[in-house]
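If you read the sequences in order, they're chains B and R.
Just so you know, the numbering used here puts 587 at position 587 of the first sequence, and the rest follows in order with no gaps.
Just so you know, the numbering used here puts 1081 at position 81 of the second sequence, and the rest follows in order with no gaps.
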Amino acid sequence: MQPTDTSHPDYFHRVVDCQWACPAHTDVPEYIRLIAQGRFTEAYMVNRRSNVFPGILGRVCDRPCEPACRRGRVERKPVAICRLKRYAADHRDEVRALLPKVPRVKNGHRIACIGAGCASLTLANDLMPLGYEVTIFEQHGAPGGLMRTNIPAFRLPQSVLDEEIGMILDMGVDLRLDTPIRSLRALLEDGGFDAIFIGSGAPRGKDLLLPGREEAAANVHIGITWLESVAFGHVDRIGERVLIIGVGNTAMDCCRTSLRLGARDVKVMARKPRQFFKASEWELEDAEEERVQIVVNRSPKAFVVRDGRLAGMTFDVMEYDIDASGRITGERVTGEEFFPADDVILAIGQENAFPWIERDIGIEFDARDVPKVDPVTFQSTREGVFFGGDAAFGPKNIIWAVEHGHQAAISIDRYCRGESLTDRPRPRVTLQSRKMGIHEWAYANEYSPVERRLVPHVSLKERFRKIDIEVELGFTAEQAAEETQRCLNCDVQTVFDAKLCIECDACVDICPVDCLTITENGPEDELRMRLKAPALNRSQPLFVSAPLRQTGRVMVKDENLCVHCGLCAERCPTAAWDMQKSHVHWPHAGDVPEPAPRRGERVSEGRVKGDERTVEAGV
Amino acid sequence: MTFIPKPRIDHPNLPRNALGLTRRDYEGALSTLCAGCGHDSITAAIVEACWDLALRPETVVKLSGIGCSSKTTAYFVSRGHGFNAVHGRMPSIATGANAANRHLHYIGVSGDGDTLSIGLGQFCHAIRRNLNMLYIIENNGVYGLTKGQFSASADVGSKAKKGETNLQPPIDPVLLALTLGASFVARSFSGDKRQLVPLIQAGLRHKGFALIDVLSPCVTFNDHEGSTKSYAYTREHYEVAVHADFIPAEREIAVEYSAGEALPVTMHDGSRIVLRKLAEDYDPTDRIAAMAAIQEHMRAGEYLTGLLYFEPSNREFHDICGTTDVPLNSVPYEQLSPGKAGLEKLLARYR
């Protein structure tokens, strides 16, 4: 294998599995260390820089970081990253003084956002400090988009939502509530905006057109619309027996909301077996804790109407052939079953809808009636019109929408300044040694064997008293302290200098997870099997050093299970191994394009050139 | 050394031996030797060898004297027995323990000071007795614990860290062992586990005294320019004369050896050592020729390594002394003690 090019910014970034998996590239280990030190405000600000809504995301994020977490491979369960994020948000001090400063003198560019959801708000958060005037048009009477309408208050309290949205609006955003855009053409022609950002979400829930649908219409609800009506107080009760069709996260919100509106018997009907469910595992667990029954292998067949009223639904009972790799290779109907119900809620997906975008104004749509959007610049086929969030590529999640907002902000800033949209600032990684003394490191390198802490919940009796009682209580101080120690500090990188190595084997011998080997180089497939412990997880790269001075062999590190304990560096007599904190500088609007630094380049802690908004967040 | 203990996390792909144990199960306490010490590599090689042989940890006896080397018995097979003897007196303790129970695996770890200075007499007599044990010398040419004075194995002309040159000739444990009739004599290097691990395995299975002199650089006091026992010097002046592959009795010989190149030798328990000659005209079965070749290489400033001399069948300590096969703690008291009448009879012979 070729020696690994660690000067490429992706190499060390990728080692930090959580940060690599996070669409917004939040520096997770950094903020977990800050929490461990009790520096909740700083932890919050590290979060806010990349994900903008730490209090909200600390409750309802889809958490792509957690399945990626190395801890999940080293033992079984990942670090409770999301829960810790909430802990920092709940315990921080006032942060208003630390927020990006908005200049009094504006730069003369006006930007319109359509929809006051997470993508538009992120865009405003990035552009207001640069002197832009941002106007957000919102069809509802309150900002927040899906975060407000589709996420029930028992998961996300309104106060948290209002405060974090308020931080952005108070930068001086011109928010126009109850102002749906009926014609994009009119906005383009008469609005006087330099650029338009469409962050209107995927507001149309899918319907299920089966026999009886029309007759039963009064008791058949579209999930996201129904949740929206509940959020705004238009709906406050539901029948005793409720069937939820679909088994995604919206279905979980629907079933749990039903229980709080008077339902006694709630069943979630799934077409396929559990391993094919779209809902996050923890949302399924939370629903099942509330005695929601999940019925698998039932495919909806018809709405049954008796005496002019919905009486229930019939389902085909399904059977599947599943091969060794877990794919469905065949299916058949083995019978039919009737389930009585007073109400049915459809939660089988949602899609974009742009009836207000004229089709002759230069914005092209593809065959599925989805706008064509550049995946890097987020610009549509019409210059100056950008898309982001669910409106861009269909339903994803909040954290993806936030990153879309960041990227669109870069594009709009460059567009307004007449610069190329494709010549974007590049991510950079800088490294800084964490060595304090012979055996002292500026991070807690000891491995904590503690198992994942479970967040306490409000009792099953209490939580149903009102619709907006937050079920999760958040970690106690002791739990948070223990959970922070489960983090493996993957951002404190093992950095190797082949020139210094005397091949004494000390690092190889001490490594607690056998991830180091000094051996002859070879092709990757063969080399992977020849290591001290075979490197079978191919999704994790091998580090291969330059040839070592004394024998010409190479140092190979399997990144898979490294627990970043620093013992290799402690045992190294020549400091060929060092533990260095990697800072991934993921560019935001206002950053200037510049080449990635060479390895080992020292950049002052926590500052990115051209970015005035960074918090001092070093250890 | 390190300040935090090596965390106990098993790599899921870490292989298990016949007893279902991983290498981690053969580790010991946290090493307090200097970072980069060759001794720690030898410890790792012993761990690897014991694991691969699937020795039951409780059948391992670890013996040592005094010195950096003698600390290392604490760092492997923590579930075994251990005895840290007075300086240079480890062979006596080994003899006593071995006399009491011949069914355990005796691993003596000593240094060049412990073996070649204060313990030289003990060392020689253990060889003469052909004590059934593996004797490892962690040889670095200096007294590390007392800050780097030359030891008895320092080569003429080798420079100390502060610049003095050694003028006294070294005692070479390999040549000494050969003169004393040792049947298993090897030299290796802490930085070459591929050579060292099979040697340790073969030494453990060898019936009789097995000596492995392991060059083990002192990273703090003897790893500089001018030293003849540094990592760099050893690697440059290192010639493998004979490579020994060890194949336990229960395993097939998996590698194809061409005729003439390799010499398989069967040991008393059915294990085999396949000797591969890497230096031309070197014969590891001819004691006198081997001694001559080793001395020639020494004159040229080279370390000849590998299983330098080996003869399989011979009489070990117990055969010579005609001692009981049963461990003394299992011999019934009536048999163990001759009683008053028996003692009288015995004493009468000396009157």
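In this text, a Cβ means the ideal position worked out from N, Cα and C, and glycines have one as well.
Under the three-state reduction of DSSP, which class applies to residue 1010 of chain R: helix, strand or coil? coil
Measure from the alpha carbon of residue 1053 of chain R to the alpha carbon of each residue in R/1017, R/1223, R/1233, then state which is nearest. R/1017
Counting only the same chain and skipping the five closest in sequence on each side, list residues whose C-beta sits under 6 Å from that of residue 631 of chain B. For residue 631 of chain B there is no data in the structure shown, the boundaries of chain B being 1 and 619.
Taking C-alpha atoms, which residue in B/274, B/424, B/42, B/116 lies nearest to residue 198 of chain B? B/116
Answer with buried or exposed for residue 598 of chain B, where buried requires no fewer than 16 other C-beta atoms within 10 angstroms of its C-beta. Residue confidence for residue 598 of chain B is low, a pLDDT of 49 falling below 50, so the modelled location carries little weight; the figure read from the coordinates is stated next. With fewer than 16 Cβ atoms within 10 Å of its Cβ, residue 598 of chain B is classed as exposed.
Contacts around residue 1142 of chain R, its chain only, beta-carbon distance under 6 Å, and the 5 residues preceding and following it disregarded: 1148, 1151, 1218, 1221, 1222
Is the Cβ of residue 1023 of chain R closer than 9 Å to any Cβ of chain B? yes
Rounding to the nearest angstrom, what Cα-Cα distance links residue 1190 of chain R and residue 568 of chain B in this structure? 18 Å
Limits of the beta strand (DSSP E) - the one that residue 432 of chain B falls within: 428–433
Check whether chain B comes within 9 Å of residue 1159 of chain R, counting only Cβ atoms and requiring the distance to be less than that. no
What are the residues of the region 431–458 of chain B that lie near chain R, defined by any Cβ-Cβ distance shorter than 7 Å? 439, 445, 446, 447
What are the start and end residues of the alpha helix (DSSP H) that includes residue 12 of chain B? 9–15
Please report how far the alpha carbon of residue 520 of chain B lies from the alpha carbon of residue 502 of chain B, in whole angstroms. 15 Å
Short-range partners of chain B found in the region 1221–1233 of chain R, where Cβ spacing is below 9 Å: 1223, 1230, 1231, 1232
Cβ closer than 8 Å: which chain R residues qualify as neighbours of residue 623 of chain B? A question about residue 623 of chain B goes unanswered here, because the residues of chain B that appear run from 1 up to 619.
Which two residues bound the contiguous beta strand (DSSP E) that contains residue 1073 of chain R? Where residue 1073 of chain R is concerned, there is no enclosing beta strand (DSSP E), given that its DSSP letter is neither H nor E.
Going along chain R in order, which residues have a C-beta closer than 9 Å to the C-beta of residue 533 of chain B? 1011, 1012, 1013, 1014, 1015
How about residue 261 of chain B and residue 290 of chain B: do their beta carbons lie closer than 9 Å? no
Could you work out which residues of chain R lie near residue 551 of chain B, taking near to mean beta carbons separated by less than 9 Å? 1191, 1235
Taking the Cβ atom as the reference point for each residue, do residue 1229 of chain R and residue 1325 of chain R lie within a distance shorter than 9 Å? no
Could you check the C-alpha separation between residue 570 of chain B and residue 576 of chain B for me, to the nearest Å? 10 Å
Any C-beta of chain B under 9 Å from that of residue 1062 of chain R: no
Taking residue 146 of chain B as the reference, give the member of B/205, B/181, B/168, B/367 with the closest Cα. B/205
Using a Cβ-Cβ cut-off of 7 Å (strictly less than) and excluding sequence neighbours within five positions of residue 1232 of chain R, which residues of its own chain qualify? none
Terminal residues of the beta strand (DSSP E) in which residue 558 of chain B lies: 554–558
Where does residue 106 of chain B fall in DSSP's three states? coil
Cβ atoms of residue 230 of chain B and residue 257 of chain B: under 9 Å apart, would you say? yes
Is the region 374–389 of chain B touching the region 182–198 of chain B, taking contact as three or more C-beta pairs under 8 Å? yes
Nearest candidate by alpha-carbon position, reference residue 151 of chain B, set B/414, B/49, B/283: B/283
From residue 589 of chain B to residue 469 of chain B, what does the alpha carbon distance come to, in whole angstroms? 38 Å
Cutting at 6 Å between CB atoms, please list the residues of its own chain near residue 1264 of chain R, excluding the five before and the five after it. 1272, 1274
What residue range is occupied by the uninterrupted beta strand (DSSP E) comprising residue 583 of chain B? 577–585
So, using beta-carbon positions, are residue 506 of chain B and residue 1321 of chain R closer together than 9 Å? no
Taking 9 Å as the cut-off, decide whether the C-beta atoms of residue 429 of chain B and residue 585 of chain B are in contact. yes
Please confirm whether residue 509 of chain B has its beta-carbon closer than 9 Å to some beta-carbon of chain R. yes
Where do the N-terminal and C-terminal ends of the alpha helix (DSSP H) with residue 179 of chain B fall, by residue? That residue, residue 179 of chain B, is in no alpha helix (DSSP H); it is neither H nor E in DSSP.
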